[in-house]
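Note sheet for the following structure.
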Amino acid sequence: MDQQKHEARQPIIGRRDFLVRTAVAGAVVPLGSLAWAASSDTSASQTGSMNTRKLGKLEVSEIGAGAMSISGTYGPAANISDGIRTLRTAHDKGVTFFDTAEVYGPFINEELVGEALAPIRNQVKIATKFGFAIDGTTDRDSRPDRIKRVAEASLKRLRTDRIDLFYQHRVDRNVPIEDVAGAVKDLIQEGKVLHFGLSEPSPRTIRRAHAVQAVTAVQTEYSMIERSPETNGVLATCEELGIGFVPWGPLGIGYLTGRIDSNTKFDPKTDLRANFDRFSPENMAANMPIVEFLKQFATRKGVMPSAIALAWLRAQKPFIVPIPGTRNIDHLNENLAALQVGLTPADLTEINAVLAANPVHGGRMSPMFMEAVDVDA
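Count the sequence shown with the numbering used here and you get residues 149 to 525, in order.
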């Protein structure tokens, strides 16, 4: 990328001290600003060390950071300054892969990520997404002209001249995936996007898109308690085609942190889990044996449950890069402890035996959100 062109592009944010109601969670949060001493990219010696993995041809840290929860969705939105500080601390500890989307907020999460990463932009990879109509519904809109407009708007909010990984957030059944891939291919040829991704696609959709424009990464929910990618062909298709796999919800949307139990309540005004079948009181009680085992296993290893959950995911395939989300630096440290956990074959056998003996109760998400998940007919 032309460095002079990159430096010449001015940050375009412009919406300061305003309130934005999140389209997904309904939380109202102010967009603030956090002063940071660094005015240019931090030198490599100042960042933490971490091994990398390949998503297709895109090289990223072996654990990434999801920014969505900073702007709400699973509980009230975080303080913006705290969110920015957490993202910058993640980079200090070696994280180079950050995930956001235009619909988170909407828009406010991209602005937060843009502000947090602007001083270190050339050291990180930013993934964002297009594809929701953002009209108060969960409708999709992946018309090629809209994809290109979204890319331009995201570039401004992210304070950058390129999007490292541009996902279709959900498959739009009204737009052929070949047209979607073609639109992103145009953006790649223009240098505004570097890599193409798909979120919650079916194997058939992956293949059709990949035939037009190489798919770098597929993102879908995957964790110890949501293992559908192992059986629906998505993980196998990625392995066959050399596509990276990025699990969202790698901590079971909270289950695998060990911090919730059958008495935990979720506010329907700020937390999507209040409407998810898996988080009903009866299903949470039924799933507690998995959580209790994980807590005991983590104690034996000297870490928190989240570290074991992430270490287990990383052990499944070498092209898997989970993106746990947090707005809390203590939780960030707990997550990154996964890098120091060595799960032996005996460990994995023990974990998998417990998971097999304790089927997960409750479906993934609410029917409204599951309707947007692409499946092969």
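Using N, Cα and C, we set each Cβ at its ideal position, and we do this for glycine too.
All values derive from a computational prediction rather than experimental measurement.
Using a Cβ distance threshold of 8 Å, determine whether the region 204-215 contacts the region 466-478, with at least three qualifying pairs required. Result yes; three or more Cβ-Cβ pairs closer than 8 Å.
**Request:** Pick helix, strand or coil for residue 277, following the three-state DSSP scheme.
**Result:** In the structure shown, residue 277 sits in a strand (DSSP, three-state: E or B).
| field | Given 8 Å, three or more beta-carbon pairs between the region 234-243 and the region 201-212 | value | Contact holds: three or more Cβ-Cβ distances are below 8 Å.
- prompt: When the distance is taken between beta carbons, is residue 432 closer than 8 Å to residue 412?
  reply: Cβ atoms of residue 412 and residue 432: closer than 8 Å.
Excluding the 5 residues preceding and the 5 following residue 325 in the sequence, name in chain order all residues of the same chain whose CB lies nearer than 6 Å to its CB. Within the same chain, residue 325 has close Cβ partners 353, 356 and 357.
- prompt: Comparing alpha-carbon positions, which option in 390, 329, 339 and 386 lies nearest residue 360?
  reply: Taking each of 390, 329, 339 and 386 in turn and checking the Cα distance to residue 360, the smallest one comes out for 329.
query: At which residues does the beta strand (DSSP E) containing residue 200 begin and terminate?
result: From DSSP, the beta strand (DSSP E) with residue 200 extends over 200-203.
- request: Over the uninterrupted beta strand (DSSP E) stretch that includes residue 364, give me the two end residues.
  value: From DSSP, the beta strand (DSSP E) with residue 364 extends over 363-369.
| query | If you run the structure through DSSP and keep just helix, strand and coil, what is residue 514? | reply | Three-state result, residue 514: coil.
- Through-space distance from residue 249 to residue 332, alpha-carbon basis: A direct Cα-Cα distance of roughly 16 Å separates residue 332 from residue 249.
- CA-to-CA distance, residue 469 to residue 489, given in whole angstroms: About 16 Å.
**Q.** Every unbroken alpha helix (DSSP H) within the region 288-336, with a cutoff of 4 residues, ordered by chain
**A.** Entirely contained in the region 288-336, the alpha helix (DSSP H) runs reaching 4 residues are, in chain order, 292-305.
- Message: Let me make sure I understand the geometry here. Which of 467, 403 and 291 has the alpha-carbon closest to that of residue 387?
- Response: Relative to residue 387, the option among 467, 403 and 291 whose CA is nearest is 467.
Subject >> Cα-Cα separation between residue 440 and residue 406, rounded to whole angstroms >> reply: So the two alpha carbons sit approximately 8 Å from each other.
For this session: Spell out a yes or no on whether the region 303-320 and the region 258-276 are touching, meaning 3 or more CB-CB pairs, one atom from each, closer than 8 Å.
Result: Verdict: yes, contact present.
Per the DSSP calculation, residue 395 is bridged to which residue(s)?
DSSP output for residue 395 lists 368 as bridge partner(s).
* To do: Please state if the CB of residue 347 and the CB of residue 524 are separated by a distance shorter than 8 Å.
  => It is not a contact, given that the beta carbons lie outside the stated cut-off.
Point to revise | When 482, 454, 364 and 485 are compared against residue 385, the one with the closest alpha-carbon | key: Nearest C-alpha to residue 385: 364.
- Message: Quick check: residue 459 and residue 480, are their CB atoms within less than 8 Å of each other?
- Response: No, Cβ-Cβ distance for residue 459 and residue 480 is not below 8 Å.
Are the beta-carbon atoms belonging to residue 261 and residue 335 less than 8 Å from one another? Taking 8 Å as the Cβ cut-off, residue 261 and residue 335 do not qualify as a contacting pair.
Discussion item. Let me make sure I understand the geometry here. Which of 461, 514 and 237 has the alpha-carbon closest to that of residue 272?
Written reply: Measuring from the Cα of residue 272, the nearest candidate turns out to be 237.
Review point. Is residue 516 buried or exposed, if buried means 16 or more other CB atoms sit within 10 Å of its CB?
Key: By the neighbour-count rule (16 or more Cβ atoms within 10 Å), residue 516 is not buried but exposed.
Check: Which whole-angstrom value describes the C-beta separation of residue 282 and residue 251, a residue pair presumed to lie in contact below a C-beta threshold of 8 Å?
Finding: With a Cβ gap of about 6 Å, residue 282 and residue 251 count as contacting.
Is it right to say residue 93 is buried, meaning 16 or more other beta carbons lie within 10 angstroms of its own, or is it exposed? No statement about residue 93 is possible, as the shown extent of the chain runs from 149 to 525 and does not include it.
Problem set entry | Interface flag, residue 498 vs chain C, CB-CB below 8 Å | Annotation note: the requested chain C is absent from the structure, which comprises a single protein chain.
Report buried or exposed for residue 321, applying the criterion of at least 16 other Cβ atoms within 10 angstroms of its Cβ. Classification for residue 321: exposed.
_Rounded to the nearest angstrom, what separates residue 485 and residue 231 at their Cα positions?_
Put simply, the backbone Cα of residue 485 is about 20 Å away from that of residue 231.
Residue 504 versus 374, 425 and 454, residue with shortest Cα-Cα distance = Just measuring C-alpha positions, the residue of 374, 425 and 454 sitting nearest residue 504 is 374.
| task | Throw me the rounded Cβ distance for the residue 398 and residue 457 pair, which I believe falls under 8 Å. | result | Taking 8 Å as the upper bound for CB-CB distance, residue 398 and residue 457 are in contact here, some 7 Å apart.
Practice problem: Enumerate in chain order the residues of its own chain whose CB-to-CB distance from residue 455 is below 7 Å, with the five nearest sequence positions on each side excluded. | Solution: These residues qualify, in order along the chain: 446, 482, 483, 485, 486 and 489.
Three-state secondary structure assigned by DSSP to residue 255:
In the three-state scheme derived from DSSP, where H, G and I count as helix and E and B as strand, residue 255 is classed as coil.
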